[in-house]
Amino acid sequence: LPISDEDLIPKNMRYPKICPAWLKHEKQVLRFYGFFQEAVTERPDENSRYRHVSIMYYMEDGTLGMSEPKIENSGIPQGSFLKRHRVPREDGQGFIGPDDFRCGQEITLYGRTYHITGCDRFTRWFYEENGIDVGEDEPMVVDNWQKSYKLQKTIERGGMPLTRSAVDAKNLAKFQIGAPPADKKFSQFLLNDRKVLRFKGYWDDTTPYGARIYLILHYYLADNSMEINEAHCRNSGRDAYPVFMKRGPLRKKNAVSSIPGTLSSEAPLYMPEDLLVGGAIDVWGRKVVLYDCDDFTQ
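Sequential numbering of the sequence shown, starting at 70, is according to this note's numbering.
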């Protein structure tokens, strides 16, 4: 007898023509998102709360599991909400199946009604392949407690500016306890610590045997200082000492007094708005042209 393609496949890897559900739908899970409304008593700020759940339907054995995402400081034991098992229908006619789930509709499980708001991409693809309209996703509802809790956490993390009355009250409290006025340099350090602007530039050395030297400029927003390092390519023949200018303030016009101890007016410092891609800056008499910057600087 001639050898067929089926004979080349080991017996433990052959699929029958009519596959059972546990083999055809192995590791396939339909996931739906929904919520149910729970009454809240003895609370002046809310009378009900929306609790969101994730419904998992395992097609290999027709079981259903449900979990609730944990919310910080909710006061509710959350996590596994319904253990995986076959859930009977409300009318007692069989068990819950894929035909009972539709986005935008409600489903009742053990006397509690859930509103289905959406599903994942695989679930939507599975329904479309079988010619079933699962419905459109709905936005997740948010109750009053979640709105107030998110706003409170945003304020605690400093995500929202203080009101004028809060700033005035804070300043008044500082004056009453005899605290010194706010230091601008210290405030600048607290706001801009570890924030560095990075530019790429070059300097054309016009001296004999000079060449174009590529540089990397770091501007520290914490104290308005700057450092410049040379960016040599491999086998350039230059010493491996990249420091072109050590970190310090860079003024727009630098001059060295010939008489030590004399007082002279200092030129203004280079500020972030003075560093523009395509422009040039003066570094102790050397013209450095800026041609690029990183994403954070941009």
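Where is the CB? At the ideal position from N, CA and C, for every residue including glycine.
query, result
"Whether glycine 270 touches leucine 290 by CB criterion (7 Å)", "no"
"C-alpha gap between isoleucine 350 and asparagine 213, whole angstroms", "55 Å"
"Three-state class that DSSP yields for aspartate 292 in the structure shown", "coil"
"Whether glutamine 97 touches methionine 128 by CB criterion (7 Å)", "yes"
"Distance between tyrosine 102 and glycine 166 (C-alpha atoms, nearest Å)", "16 Å"
"Distance, isoleucine 224 Cα to aspartate 206 Cα", "31 Å"
"Pair within 7 Å by beta-carbon distance, leucine 260 and tyrosine 288", "no"
"Range of the contiguous alpha helix (DSSP H) that encloses phenylalanine 195", "190–198"
"Among Pro337, Gly317, Arg171, nearest to aspartate 202 - alpha-carbon criterion", "Arg171"
"Backbone CA spacing between glutamate 335 and lysine 216 [nearest angstrom]", "53 Å"
"Local conformation of isoleucine 224 per DSSP, three classes", "helix"
"Inter-residue Cα distance where the pair is serine 256 and alanine 235", "18 Å"
"Within the stretch 164–188, ranges of the beta strand (DSSP E) (whole runs, at least 3 residues)", "175–178, 181–188"
"Candidates Thr132, Thr110, Ile145, of which the one nearest alanine 90 by Cα", "Thr132"
"Span of the beta strand (DSSP E) around tryptophan 272", "265–273"
"Nearest-angstrom Cα separation, counted from aspartate 262 out to glutamine 245", "30 Å"
"Secondary structure of phenylalanine 255, DSSP reduced to three states", "helix"
"Beta-carbon proximity check, lysine 321 vs proline 337, cutoff 7 Å", "yes"
"Boundaries of the beta strand (DSSP E) in which valine 98 is found, first to last residue", "98–108"
"Leucine 231 burial status per 10 Å Cβ neighbour count (16 or more: buried)", "exposed"
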